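Q: Protein chains in written order, with this note's numbering: chain B, 198 to 524; chain E, 6 to 161. My questions all concern the structure below.
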């Protein structure tokens, strides 16, 4: 497989990268580790004539308990003992992204912005041309839910659900300057598999910021996939909780791998604060999360199975988070 | 037309310089331009690990690495890992343990195992299994590959 020709730009500062992206708007993509973008380019999916490599920008690097640069490699985050000790859920999730070889190049920023996925999108040009193209690339209709308005491609990042329950923020640079937003606000809850982010054209993810409050939270991440060595999530559940004398002091829960964006369920977890979390209460929460999610048949496992697994994985994630907190 | 600028890097310990288009991936540069065909093209999409090479000592999928981004770096392929005479300890262990059948995935496994043992000279069985989980073998069932890496690490 060969890549279509493109011009490669190698800015050395965030401002230069953002300026280039602004000038080339609509005709360029940023490339971080390349492990998500380049397979899509090889399949001739939404290829652009310019690529802006983020490799040479020092500001996008660096790891501490408070800040992780967007270009930090997943493998380096995985092997960072200090990060794993304080954020075990982050270590869980990072270590479950694809394979060690992918994590060696893949970055945390890339995983947060990973392209949404669908049976009818992640296919070769030949395959897609045979069936007829889809809304997300080259076509005007959806093959999953036949209509012409909305794309159902699934958000398939593993790191986002954990960073969501840790209240992470992301730093975004754009032509008009910098802004810092809650991670949840990076994703467009009113969008779809195509309009999935709130980033304006030319905006660049610079870093993830972890607030002080994240340090005491014992988060866990549970991932459902067919082949444990490398598949994208069919479902990913992150839970972070604090317990005080057997009662819930705070709890957050987020789910990825099911809909077009990773979703946090504060409206379901907030009422549990102050409660002793009985098995019945956990089951009630798990069922409530399950009822809110609407998987469609665009990944390997059947939607009904994935929905039923929501209930199971929510229970397992809570049990693990609780166990960790008691340590 | 995108420019075919000169690209220079260290390849298996020696400096190389050649023209390279921006859209060339390292795998194609190695196999087609430099005729180093030990690095294999498997899935070409980052799933199988057949194309693994070391970039500054780090195991890397050459099929998903833009060649221009290895400018100034050190790339080691299976040809470079193989000593001038004989075999490396990992290679010898693969031969002795029958860890290679059709052989197509073997260069990728040797690269991954070599990087593992450099970083962690005495890996546990679980660490070995995890380290090679991005390399697919359709023949061996992995048991002999794991045995070979354990032997190369001096575990047997």
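No residue lacks a Cβ here, since even glycine has one placed at the ideal position from N, Cα and C. Just so you know, these numbers come straight off a predicted model, no measurement behind them.
1) Does DSSP put residue 417 of chain B in a helix, a strand or coil?
2) List, in chain order, every chain E residue whose beta-carbon is nearer than 9 Å to that of residue 313 of chain B.
3) As an exercise, report each continuous beta strand (DSSP E) stretch of at least 3 residues that is fully enclosed by the stretch 8-60 of chain E, in chain order.
4) Return the chain-ordered list of same chain residues with a C-beta closer than 7 Å to the C-beta of residue 469 of chain B, the five sequence neighbours on each side being excluded.
5) Mapping the DSSP letters down to three states, classify residue 447 of chain B as helix, strand or coil.
6) What ranges does the alpha helix (DSSP H) occupy inside the stretch 51-115 of chain E, keeping only unbroken runs of at least 4 residues that lie completely in it?
7) Can you give me the start and stop residues for the beta strand (DSSP E) that residue 367 of chain B sits inside?
8) Give the range of the alpha helix (DSSP H) segment to which residue 285 of chain B is assigned.
9) With a threshold of 7 Å between beta-carbons, can residue 198 of chain B be considered close to chain E, or not?
10) Taking just the CA atoms, how far does residue 331 of chain B sit from residue 337 of chain B?
11) With a Cβ-Cβ cutoff of 7 Å, do residue 293 of chain B and residue 420 of chain B count as a contact?
12) Kindly indicate which residue of B:367, B:320, B:360, B:363 has the alpha-carbon position closest to the one of residue 350 of chain B.
13) Would residue 451 of chain B and residue 361 of chain B be called neighbours here (beta carbons separated by less than 7 Å)?
14) Residue 13 of chain E touches chain B at which residues, Cβ-Cβ below 7 Å?
15) What residue range is occupied by the uninterrupted alpha helix (DSSP H) comprising residue 358 of chain B?
16) My output table needs one value for residue 222 of chain B: the three-state DSSP class, helix, strand or coil.
17) In angstroms, rounded to a whole number, what distance separates the CA positions of residue 441 of chain B and residue 135 of chain E?
18) In chain order, what residues of the same chain have a beta carbon less than 6 Å from the beta carbon of residue 524 of chain B, not counting five sequence neighbours either side?
19) Drop a sphere of 10 angstroms on the beta-carbon of residue 443 of chain B, count the other beta-carbons inside from all chains shown, and report buried for 16 or more, exposed for fewer.
20) Am I right that residue 254 of chain B and residue 296 of chain B are in contact with their C-beta atoms under 8 Å? What's the rounded C-beta distance?
21) Please list the residues of the stretch 52-73 of chain E that have a C-beta atom closer than 7 Å to any C-beta atom in chain B, keeping them in chain order.
22) Does the distance from the C-beta atom of residue 365 of chain B to that of residue 215 of chain B stay below 7 Å?
23) Short check: CB of residue 207 of chain B to CB of residue 226 of chain B, under 7 Å?
24) Is residue 423 of chain B helix, strand or coil by DSSP?
25) Could you please tell me which residues of the stretch 293-305 of chain B, in chain order, have their CB closer than 7 Å to any CB of chain E?
26) Does the beta-carbon distance from residue 457 of chain B to residue 390 of chain B come in below 7 Å?
27) Going along chain B, which residues have a C-beta under 9 Å from residue 50 of chain E?
28) Can you list, in chain order, the residues of the stretch 391-425 of chain B whose Cβ is nearer than 7 Å to any Cβ on chain E?
29) Quick one: which chain B residues come within Cβ less than 9 Å of residue 136 of chain E?
30) Assuming the contact rule is C-beta atoms closer than 8 Å, residue 432 of chain B and residue 487 of chain B should be a hit. Round their C-beta distance to whole Å, please.
31) Name the residue from B:265, B:318, B:504 whose alpha carbon lies nearest to the alpha carbon of residue 239 of chain B.
32) Measuring only between beta-carbons, confirm whether residue 80 of chain E sits less than 7 Å from chain B.
33) Decide if residue 282 of chain B is buried, meaning its Cβ has at least 16 other Cβ atoms within 10 Å, or exposed.
34) Does residue 382 of chain B come out as helix, strand or coil in the three-state DSSP assignment?
35) Could you check which residue in B:343, B:387, B:467, B:286 has the C-alpha nearest to that of residue 355 of chain B?
36) Residues of chain B with CB closer than 8 Å to the CB of residue 30 of chain E, please, in chain order.
A: The short version:
1) strand
2) Within 9 Å of the CB of residue 313 of chain B, no CB atom of chain E is found; the nearest one sits about 17 Å away.
3) Counting only runs of 3 or more residues that sit fully inside the stretch 8-60 of chain E, the beta strand (DSSP E) segments are 11-16, 19-24, 57-60, in chain order.
4) Cβ within range, chain order: 445, 448, 478, 482.
5) strand
6) 83-86, 94-101
7) 366-371
8) 285-292
9) It does; some Cβ of chain E falls within 7 Å.
10) 6 Å
11) yes
12) B:320
13) Taking 7 Å as the Cβ cut-off, residue 451 of chain B and residue 361 of chain B qualify as a contacting pair.
14) Chain B residues near residue 13 of chain E: none, gap ~15 Å exceeds 7 Å.
15) It spans 356-362 - the alpha helix (DSSP H) in which residue 358 of chain B sits, taken as one unbroken run.
16) Three-state DSSP puts residue 222 of chain B in coil, outside helix and strand.
17) 36 Å
18) For residue 524 of chain B, the pLDDT reaches just 46, beneath the cut-off of 50, and the residue's location in the model is therefore unreliable, although a value from the coordinates is still provided. The answer is none, since no qualifying residue turns up.
19) exposed
20) With 8 Å as the limit, residue 254 of chain B and residue 296 of chain B do not qualify as a contact, their Cβ atoms being about 26 Å apart.
21) Correct list: 52, 54, 57, 63, 64, 65, 66, 69, 70, 71, 73.
22) no
23) no
24) coil
25) 296, 297, 298, 299, 301, 302
26) yes
27) 198, 235, 236, 239, 240
28) none
29) 297
30) Contact doesn't hold; Cβ gap of about 10 Å is too wide.
31) B:318
32) no
33) exposed
34) helix
35) B:286
36) By Cβ distance, chain B contributes 200, 235.
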